[in-house]
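Visitor: Quick note on full-length UniProt numbering: the sequence shown kicks off at 1 and runs consecutively.
Glycine included, each C-beta is placed from N, C-alpha and C at the ideal position.
As the structure is a computational prediction, the values presented were derived from the model and not from experiment.
There's a structure below that I have some questions on.
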Amino acid sequence: MSYINKILFVINVFSVISFEFVMYLLYNDYSIFIDRVCYDLANINILYVKIFQAFAYNNNLIDETTNNNLLKFTNKAPWKYSDIHFYNLIKVCEKYDIVIKTGFERPINSGMISLVFKGNRRGDNKDIIIKIKRVNIEKKLSQAIVNIQFFLDLLSYIPFIKNYNLDEVVNKNINNILEQTNFIKEVNNLKLIKNNCKNLEYVIIPEVFEEVTNNFPDVIMMEFINGIQINEIDKDDYQGFAQQIIKFGIVTSLIHGVTHGDLHSGNILFIKDNNDKNYKYKIGIIDFGIITIIEEKYRLSMFNIVIDFFSSQQNEIAKKILHSGIIEPLDTLNKLPISHYNHIYKIISELVQEVLSNSKTANQLQIYKFLITFNNYINSYKLGEFGLHINDEFRKIQLTIAMTHGVTITLCNGNFIDAADKVINDLLHTDLLLK
1 MSYINKILFV INVFSVISFE FVMYLLYNDY SIFIDRVCYD LANINILYVK
51 IFQAFAYNNN LIDETTNNNL LKFTNKAPWK YSDIHFYNLI KVCEKYDIVI
101 KTGFERPINS GMISLVFKGN RRGDNKDIII KIKRVNIEKK LSQAIVNIQF
151 FLDLLSYIPF IKNYNLDEVV NKNINNILEQ TNFIKEVNNL KLIKNNCKNL
201 EYVIIPEVFE EVTNNFPDVI MMEFINGIQI NEIDKDDYQG FAQQIIKFGI
251 VTSLIHGVTH GDLHSGNILF IKDNNDKNYK YKIGIIDFGI ITIIEEKYRL
301 SMFNIVIDFF SSQQNEIAKK ILHSGIIEPL DTLNKLPISH YNHIYKIISE
351 LVQEVLSNSK TANQLQIYKF LITFNNYINS YKLGEFGLHI NDEFRKIQLT
401 IAMTHGVTIT LCNGNFIDAA DKVINDLLHT DLLLK
């Protein structure tokens, strides 16, 4: 029966993509084609959308605009009444004296793992958020993963598919998604980053009510943050918010060593506070199902590179990056034949030049292309026998950048480098741990 389900899944997916491709040939609108494919896949299982999006974006099959548009599936994913765990929702509201004015059938947001409701705690008239897992979500994800693995096994027989690194993209996304089903871990993640950011006055992280999750492991209750979405921001405020997001990313990753692992626009609320002269632009950070913890040694190395990035010469930056531990083992790298060493140095130098180019744009795809170029070079010249590989910490940072990239580029109007340069200069003239 399980095998039949797998076959039916493949037929279903193939039918969806084939039908939408025919529609694309008729109407010749690629963005609508991608959007419709994702909507159809979401109705089968939202996990398939996440995998498709990651694969398409990392392999340059969709552009930045289309990728940002697909983020709507992150907090506006399709849902059914059967996804709502009414029993748990009612029990939580009864125990903590909460009223949901819109009713139990009206979530304000719908993610892949959970549904989100806004309530009011009658005791103190405080607005709160209740995040509750979809019914049987773990079982549905497990079945989806089995189907995807079966689909990948079939695709492995097609030679050119190997060039797309499907296994790597899929497995990383699956691991990240499974982490998000552990609400106790998510609460601990939130508390950790909230404590780290307690002195960052431009960052607002909601208070979480840990007792609720201890009593109801499929529920997280937290305070409501009153902010707006990225599409509601006045264009005059873009730069102000962009700099705060970049600053948050630099401070949490390179100072704290612990950062948000899924910082797309759906997980950021934008708050303009005209009464605060020092911090007019503030960001509310939510959804801590995934965090990225960076090894201390590598954090320090990356910190020094970022601080010097805009003030050093291209060749100096490239040399620092090459010897930072991005490529391991470092001892083996230094003993490579000079021709191979110089070629790897050239790959990194070209990456630096591209980032610092006159276009003033920075794209996470440049970093992803570096990973692909390096791996292809290793394989082409059989340098794998030396044991050379990309450091896992660098891969963590690459994935984090990939998540944040869409929102920062949108707010910077494509001029990310100037915004990042300003943020770093500001940080150098303040107490980095506090500002």
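Bridge partners for T259 per DSSP, in chain order?
Guide: Beta-bridge annotation (DSSP): T259 is paired with T292.
Visitor: What does DSSP give as the partner residues of N120 in its beta bridges?
Guide: V99 and D127
Visitor: May I have the straight-line CA-CA distance separating E296 from T259, to the nearest angstrom?
Guide: 13 Å
Visitor: At the level of alpha carbons, what is the spacing between K235 and C412?
Guide: 10 Å
Visitor: Measuring straight from C-alpha to C-alpha, what distance separates I46 and F14?
Guide: 16 Å
Visitor: Return the bridge partner residues of M222 from the DSSP annotation.
Guide: I129 and V208
Visitor: G284 by DSSP, collapsed to three states: which one?
Guide: strand
Visitor: Is K80 helix, strand or coil by DSSP?
Guide: Coil, per DSSP.
Visitor: Check V203 in the structure and name its three-state DSSP category.
Guide: Three-state DSSP puts V203 in a strand.
Visitor: For K335, does the three-state DSSP call read helix, strand or coil?
Guide: coil
Visitor: H389 bridges to which residues according to DSSP?
Guide: Partner(s): E328.
Visitor: Report yes if the CB atom of F288 is closer than 8 Å to the CB atom of I193, and no otherwise.
Guide: Going by C-beta atoms, F288 is nearer than 8 Å to I193.
Visitor: V22: buried (16+ other C-beta within 10 angstroms of its C-beta) or exposed?
Guide: exposed
Visitor: Since I believe I245 is in contact with I268 (beta carbons under 8 Å), could you give me their beta-carbon distance rounded to a whole number of angstroms?
Guide: 7 Å
Visitor: Going by DSSP, name the residue or residues bridged to S114.
Guide: K133
Visitor: For D426 and A419, what's the separation of their Cα atoms in angstroms?
Guide: 11 Å
Visitor: Bridge partners of K272, per DSSP?
Guide: Y281
Visitor: Is it buried or exposed for V99, if we count other Cβ within 10 angstroms and need 16 for buried?
Guide: exposed
Visitor: Mapping the DSSP letters down to three states, classify I228 as helix, strand or coil.
Guide: strand
Visitor: With which residues is N109 paired in a DSSP beta bridge?
Guide: V116
Visitor: For a quick check, are the C-beta atoms of I130 and M221 less than 8 Å apart?
Guide: yes
Visitor: With a 10 Å radius around its C-beta and 16 neighbouring C-beta atoms as the bar for buried, classify I84 as buried or exposed.
Guide: buried
Visitor: Using only the alpha-carbon positions, how far apart do H264 and V203 sit?
Guide: Taking the straight line joining both Cα atoms gives about 16 Å.
Visitor: Less than 6 Å between C-beta atoms, sequence neighbours within five positions excluded: which residues of the same chain meet that for V352?
Guide: Contacts found: Q314, I317 and A318.
Visitor: Of all the options I51, F241 and P107, which has the alpha carbon lying nearest to the alpha carbon of N147?
Guide: I51
Visitor: Taking just the CA atoms, how far does A42 sit from F33?
Guide: 14 Å
Visitor: How many Å lie between F224 and I128 at the Cα?
Guide: 5 Å
Visitor: Exposed or buried, which one is I184 when buried takes at least 16 other CB atoms within 10 Å?
Guide: exposed
Visitor: Classify K76 as buried or exposed, calling it buried when 16 or more other Cβ atoms lie within 10 Å of its own Cβ.
Guide: exposed
Visitor: Which two residues bound the contiguous alpha helix (DSSP H) that contains residue 487?
Guide: No answer is possible for residue 487: it lies beyond the span of the chain, which begins at 1 and ends at 435.
Visitor: Compare the C-alpha of D392 against each of S324, E201 and I132 and name the closest.
Guide: S324
Visitor: So, at 8 Å on beta carbons, what are the nonlocal neighbours of residue 440 in its own chain, with the 5 sequence-adjacent residues on each side left out?
Guide: No information on residue 440 is available, as it lies outside the stretch 1 to 435 that the chain covers here.
Visitor: With distances taken Cα to Cα, identify the nearest neighbour of V212 among I390, V92 and T410.
Guide: V92
Visitor: Looking at C-alpha atoms only, which residue of Y27, F9, L154 and Y87 is the closest neighbour of K133?
Guide: Cα-wise, what sits closest to K133 is Y87.
Visitor: Checking contacts by CB at 8 Å: is Y157 closer than that to chain B?
Guide: The structure shown has no chain B; it contains just one protein chain.
Visitor: I need the straight-line Cα distance from N274 to Y39, nearest angstrom please.
Guide: Rounded to the nearest angstrom, the two C-alpha atoms are 39 Å apart.
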